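To start, the structure itself, in structure tokens.
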Amino acid sequence: MKNSSTLHSIPISLLRQYIFCPRIPYFSEILGYRMQEPIWTEQGQSFHSELEKLIIRRIPEKFGFNNPSMEKRVNVVSEQLGLNGIVDFIFYNDTYVVPIEFKISGKKPTRGQELQLLAYGYALEEMKGLQFERGYFVMGSSKKPIAVFPNDFKRDEIINIRSSILQTYETMLMPESPASIHKCTQCEYLNLCNDRNF
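If you count by our numbering, then the sequence shown holds residues 605 to 802, one letter each, in order.
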């Protein structure tokens, strides 16, 4: 019998959004305001295509994999964690699975991005029955792979954030926001926050 906490599967991307501001899942999931992120712009598509080719060339050299299997835009589901999503790119062999996320800007991943990638890895581990020991970001102009490693503390953090999001689903109340002015002024949902006057 499934634990009741895993019956409701939520998008992995909400972990990152919740860390940025707990109100974003409330606006997008409870109130239904869906802002389109500019993921598949022409620039973004070109960037992803370029990085896919780069990663394929670097895999044997940088990651120590000989003739791995590779997939892009992979749908993942974790019944244990109650999460689902789409990871940019993965490679795997008979033992290990490695998720990779591409970011068009930035020098290092944020906490939210890191937990999102780890959630993809945990889901892949569960789905494929392979070991998840690390994931990678390939970011910005340097295109240098940045490794992220799972641990029990980060897994618990993912579980706790998911629980907080589900609590918002249950109460249907707008949560408090600890977001800074910097965060608020770049948020597409700012006009929906009636207590933020910047």
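Backbone N, C-alpha and C fix where the C-beta goes; we use that ideal spot for every residue, glycine too. No experiment lies behind these values; they were computed from the predicted model shown.
ask   = Measuring CA to CA, which of Y740, I708, G710 and M731 is closest to L722?
value = Position 118 of the sequence shown holds residue 722. Out of Y740, I708, G710 and M731, Y740 has the C-alpha closest to the C-alpha of L722.
message = With DSSP as the reference, identify every bridge partner of A751, one or two as the case may be.
response = Walking along the sequence shown from the start, residue 751 turns up at place 147. Paired residue(s): Y740.
ask   = Tell me which same chain residues have a C-beta within less than 8 Å of the C-beta of I763, skipping the five on either side of it?
value = Taking the first residue of the sequence shown as position 1, residue 763 is located at position 159. For I763, where only same-chain residues beyond five positions count, the Cβ hits under 8 Å are L685.
key: Delimiting residues of the alpha helix (DSSP H) encompassing I762   = As a first step, residue 762 is located in the sequence shown; it is residue number 158 there, counting from the start. Residues D756 to T775.
request  = Can you say whether L719 is buried or exposed, counting buried as having 16 or more other CB atoms within 10 angstroms of its CB?
outcome  = Counting from 1 along the sequence shown, the entry for residue 719 is found at position 115. Counting the other CB atoms within 10 Å of its CB gives L719 a total of 16 or more, which places it among the buried residues.
request  = Quick one: grab the DSSP three-state call for K707.
outcome  = Taking the first residue of the sequence shown as 1, we reach residue 707 at position 103. In this structure, K707 counts as strand in the three-state DSSP scheme.
request  = In angstroms with no decimal places, state the Cα-to-Cα distance between T645 and E792.
outcome  = Reading the sequence shown from its first residue, position 41 is the one you call residue 645. Reading the sequence shown from its first residue, position 188 is the one you call residue 792. Caution is warranted here: a pLDDT of 45 is assigned to T645, below 50, making its placement in the model unreliable, and no coordinate value can be reported.
key: CA-to-CA distance, K748 to D692, given in whole angstroms   = Along the sequence shown, read from residue 1 onward, the residue named residue 692 stands at position 88. Along the sequence shown, read from residue 1 onward, the residue named residue 748 stands at position 144. Approximately 16 Å between the Cα atoms of the pair.
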